[in-house]
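The block underneath contains the structure these notes are about, expressed in structure tokens.
Number of protein chains: 2
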Amino acid sequence: MNVRHDRIARVQARMREVGLVAIVVMNHDDFRYLFGEDRTQPRAIIPFDGPPEIVAFTGEEPELLAALPDGRVRVFGSVGGQIHDIVDRLRDLVAQPGAPTSAGRPKVGMQQWFDTPAFLVDLFRRVNPEVELVSSDPVMDSLRMVKDADELALLGEAQRIAGVGMDRARALLRPGVAAHEVATEALYAMLRAGAERTSTPVYVTFGIETCMLHGRVSPQPLAPGDLAIVDLTPQVEGYCANLARTFVLGEPAPRHTELLTTYAEIVEAVRPALRPGATVAELDAVAHQVCARHGLEQHHVYGIGHGIGLRFEEVPASTIIPPHRNVRLREGMTMTIGHPVLAIPGFGGARFEDVYRVAQDGGQPLAPYPVAPVIEG
Amino acid sequence: MNVRHDRIARVQARMREVGLVAIVVMNHDDFRYLFGEDRTQPRAIIPFDGPPEIVAFTGEEPELLAALPDGRVRVFGSVGGQIHDIVDRLRDLVAQPGAPTSAGRPKVGMQQWFDTPAFLVDLFRRVNPEVELVSSDPVMDSLRMVKDADELALLGEAQRIAGVGMDRARALLRPGVAAHEVATEALYAMLRAGAERTSTPVYVTFGIETCMLHGRVSPQPLAPGDLAIVDLTPQVEGYCANLARTFVLGEPAPRHTELLTTYAEIVEAVRPALRPGATVAELDAVAHQVCARHGLEQHHVYGIGHGIGLRFEEVPASTIIPPHRNVRLREGMTMTIGHPVLAIPGFGGARFEDVYRVAQDGGQPLAPYPVAPVIEG
Chain S
1379 MNVRHDRIAR
1389 VQARMREVGL
1399 VAIVVMNHDD
1409 FRYLFGEDRT
1419 QPRAIIPFDG
1429 PPEIVAFTGE
1439 EPELLAALPD
1449 GRVRVFGSVG
1459 GQIHDIVDRL
1469 RDLVAQPGAP
1479 TSAGRPKVGM
1489 QQWFDTPAFL
1499 VDLFRRVNPE
1509 VELVSSDPVM
1519 DSLRMVKDAD
1529 ELALLGEAQR
1539 IAGVGMDRAR
1549 ALLRPGVAAH
1559 EVATEALYAM
1569 LRAGAERTST
1579 PVYVTFGIET
1589 CMLHGRVSPQ
1599 PLAPGDLAIV
1609 DLTPQVEGYC
1619 ANLARTFVLG
1629 EPAPRHTELL
1639 TTYAEIVEAV
1649 RPALRPGATV
1659 AELDAVAHQV
1669 CARHGLEQHH
1679 VYGIGHGIGL
1689 RFEEVPASTI
1699 IPPHRNVRLR
1709 EGMTMTIGHP
1719 VLAIPGFGGA
1729 RFEDVYRVAQ
1739 DGGQPLAPYP
1749 VAPVIEG
Chain V
1379 MNVRHDRIAR
1389 VQARMREVGL
1399 VAIVVMNHDD
1409 FRYLFGEDRT
1419 QPRAIIPFDG
1429 PPEIVAFTGE
1439 EPELLAALPD
1449 GRVRVFGSVG
1459 GQIHDIVDRL
1469 RDLVAQPGAP
1479 TSAGRPKVGM
1489 QQWFDTPAFL
1499 VDLFRRVNPE
1509 VELVSSDPVM
1519 DSLRMVKDAD
1529 ELALLGEAQR
1539 IAGVGMDRAR
1549 ALLRPGVAAH
1559 EVATEALYAM
1569 LRAGAERTST
1579 PVYVTFGIET
1589 CMLHGRVSPQ
1599 PLAPGDLAIV
1609 DLTPQVEGYC
1619 ANLARTFVLG
1629 EPAPRHTELL
1639 TTYAEIVEAV
1649 RPALRPGATV
1659 AELDAVAHQV
1669 CARHGLEQHH
1679 VYGIGHGIGL
1689 RFEEVPASTI
1699 IPPHRNVRLR
1709 EGMTMTIGHP
1719 VLAIPGFGGA
1729 RFEDVYRVAQ
1739 DGGQPLAPYP
1749 VAPVIEG
């Protein structure tokens, strides 16, 4: 375990500013950011002051203590014991001299995202009536938004591995191939190339299913003339990649060409606009203009990109949290371009998605990958 | 899409009994149970009466309507539009003549499990102040608990595929092998054998890391004399498997043998007790006696098994929801035996986990797999 004391100190300084007595970490991304390693069930308490405390199973205590000489391990043998221990610890922290409050109330932060289930939050509120549970995202996101050089290297490596998977997928796109086979082989290639896992399943959609907003593994085999979308999300040391490509098997119909050309033009138009100070709303306006020029504006979907890092979608996650549409980008943030499908209902859809670093002269691709949609049928 | 109208009718009858005006489905398992198919973002409204309504992206409408002649599709083009549409629909349902209430209040059910994030529930409560959000689990779990013959066949097939993965993993356990390689090859074998995906990553722990409660992919290679745990969770049509085995590489030390023998005896003692009417608390008492006989009772962890079906852990999920320890099992439920690790801190841990059907004459394994821990080193 490579505890990031520098980051923990910055989190604690921010906690004291905003009046958080503790942050309870229950998610992979914040845990990895602070402890330099993941756990299957990541659980930790970051107090407003003093060493961080990892919450772990009793059988793991000797190894954790050896790996964490300057931290603390709070062990449990059952879920009931774990809950009581955390309640007691938070009560102690609230009572500690100098404990921060906000509007006169002791507050505890917790990430509010897909990994934080409502039933655990409801339980937390019930057993900790004397503290107010608030989102820790404003504290953590503000620190995690801009990536340092090490983080950019890992994000680039993950994106490179996505390219390995895409090469493998593309080579398999032949008439009659099953989407499940393409997905399996692409995943295997990425894992062998060093991916730890993927953020989502590998999505491979064929034909009319390219219209789907989120993708899946199509049940029907690939047919000549079909569109195909492959969407890959490998992770390296928790850092996420996102590479999506659309292919057409055989001679493209004019409408295929129109759709694919439009999307390629969207990416080319948005990339130079991915600069510090821009917002997703502004990038969407650029994309909309391109769609309008091709007479496809009625099919245009907002949310051309999203933040990406230790979480597959992070600030600005504009298609999940509408106010994120107006977050001003900062230099060194990492963003995708190409998130939403451009789908003509009943016909098919397209997208080309890559990860870029936000820079003064526009988005810089972390690992360029060709856009070459036509596959000889 | 193979809409299960019989199941939907049973859900609606139960909703009217308990006073739910609607269930909002946002999870894979209930969606699959009711619609016979999964979606990457499963979203549906089950009203207290009338056809079910799938919530989907506008580009997907033509295909969904074709697949769902007797259902309804509510389309959205943005997350804001989706939220407003659902708020309006729930308001209409509440105003509908004959709309059920409970304690004079209109109530809407939603699954309360790991897939239901707190931030969406908080948003739901804010935008729907006139309805009370309650758990839909009592309705859904009561119907889903006992598996029919088709479900048992799929669960058995998933468990058979886990065996394919375990064969592959076992064959690779040689000195110096990386856990990541074992995990990658086992996953690949399961996907090629027909698994759709896995419920969790493939966990492969070596040496001292076999003490971990949840497993992971160990960073260090396998050394002679090491214990190794492989934990596999493939899915077939959404139905989950769970197969865990512990191996020892080379001549086992007496303490290894003691640990492995104890766990095998736990499974053998609990299996005949997995009968209708039993509770996990009772099964745990059986396991505890075995541990005590071997002088390992101080390391015994409660929660010997959990329900399994379309969700990897379902009722009784005794290590997550303490009251589930006292749920009475019913004939035809499917349960694992072998969930918790028996870990001697600083030494190592063991478990053998399989899936069983609860029956009058004790647990019947869905796909028997050998317990043969010793691998010639």
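The listed protein sequences derive, respectively, from chains S and V. So for the first sequence, the numbering used here puts the first residue at 1379; every next one is plus one. So for the second sequence, the numbering used here puts the first residue at 1379; every next one is plus one. All residues carry an ideal CB built from backbone N, CA and C; glycine is no exception.
Between the CA atoms of residue j and residue i - distance to the nearest angstrom
i	j	result
V:ASP1526	V:PRO1495	30 Å
S:PRO1425	S:ASP1515	16 Å
S:ARG1756	V:THR1562	Because chain S spans 1379 through 1755 in this model, residue 1756 of chain S falls outside it and cannot be assessed.
V:GLY1397	S:GLY1397	42 Å
S:ILE1464	V:ARG1394	39 Å
V:ALA1549	V:PHE1625	11 Å
V:GLY1710	V:THR1611	21 Å
S:ARG1469	V:ASP1545	50 Å
V:VAL1668	V:VAL1719	14 Å
S:HIS1666	S:TYR1680	8 Å
S:PRO1356	S:GLU1691	Past the edges of chain S, shown from 1379 to 1755, lies residue 1356 of chain S, and the structure says nothing about it.
S:TYR1574	S:LEU1532	Note that residue 1574 of chain S corresponds to Glu in the displayed sequence, not to Tyr. For S:GLU1574 and S:LEU1532, the distance between alpha carbons rounds to 12 Å.
S:THR1639	S:GLY1541	21 Å
S:ASN1704	S:GLU1660	8 Å
S:ALA1564	V:THR1576	16 Å
V:ARG1671	V:GLU1636	11 Å
V:GLY1673	V:ARG1633	12 Å
V:LEU1652	V:ARG1708	10 Å
Endpoints, the beta strand (DSSP E) within which residue i is located
i	result
V:GLY1727	1726-1728
S:GLN1756	For chain S, the structure presents residues 1379 to 1755; residue 1756 of chain S sits outside this window and is missing.
V:TYR1734	1732-1735
V:MET1713	1712-1715
S:LEU1758	As shown, chain S starts at 1379 and ends at 1755. That puts residue 1758 of chain S outside it, with no answer to give.
V:LEU1627	1621-1627
V:MET1488	1485-1488
Range of the contiguous alpha helix (DSSP H) that encloses residue i
i	result
S:LEU1521	1515-1522
V:ILE1699	Per DSSP, V:ILE1699 belongs to no alpha helix (DSSP H) and is neither H nor E.
S:ILE1539	1527-1550
S:ALA1561	1557-1570
CA nearest to the CA of residue i, picked from the options
i	options	result
S:MET1404	S:SER1577, S:ASP1662 and S:LEU1498	S:LEU1498
S:ALA1695	S:GLY1726, S:THR1657, S:ILE1722 and S:ALA1663	S:THR1657
V:HIS1558	V:ASP1427, V:THR1578, V:GLY1572 and V:THR1583	V:THR1583
S:TYR1411	S:VAL1433, S:PHE1492, S:PRO1447 and S:ASP1519	S:ASP1519
V:ASP1613	V:ARG1392, V:GLY1593 and V:LEU1621	Residue identity check: residue 1613 of chain V is Gln in the sequence provided, not Asp. That would be V:LEU1621, whose Cα lies nearest to the Cα of V:GLN1613.
S:GLY1593	S:ALA1606, S:PRO1602, S:LEU1600 and S:GLY1655	S:ALA1606
S:PRO1599	S:ILE1586, S:LEU1591 and S:MET1590	S:ILE1586
S:GLN1676	V:GLU1439, V:GLY1455 and V:GLU1431	V:GLY1455
V:VAL1451	V:ILE1432, V:GLN1460 and V:PRO1743	V:ILE1432
V:MET1523	V:THR1712, V:GLU1643 and V:VAL1402	V:THR1712
V:THR1588	V:THR1479, V:PHE1725 and V:PRO1579	V:PHE1725
S:ARG1776	S:GLY1534, S:ALA1445 and S:ASP1493	Here chain S comprises residues numbered 1379 to 1755, so residue 1776 of chain S is not present and cannot be evaluated.
V:ILE1386	V:PRO1630, V:THR1418 and V:PRO1429	V:PRO1429
Helix, strand or coil at residue i according to DSSP, with G and I counted as helix
i	result
S:ASP1662	helix
V:ASP1493	coil
V:ALA1721	strand
S:ASP1463	helix
S:ALA1601	coil
V:THR1588	helix
V:GLU1692	strand
V:ALA1606	strand
V:ARG1671	helix
S:ARG1503	helix
S:ARG1653	coil
V:ILE1682	coil
S:LEU1744	coil
S:VAL1512	strand
S:ARG1385	helix
Could you tell me which whole beta strand (DSSP E) segments of length 3 or greater appear in the segment 1391-1456 of chain V?
1398-1403, 1422-1425, 1431-1435 and 1450-1454
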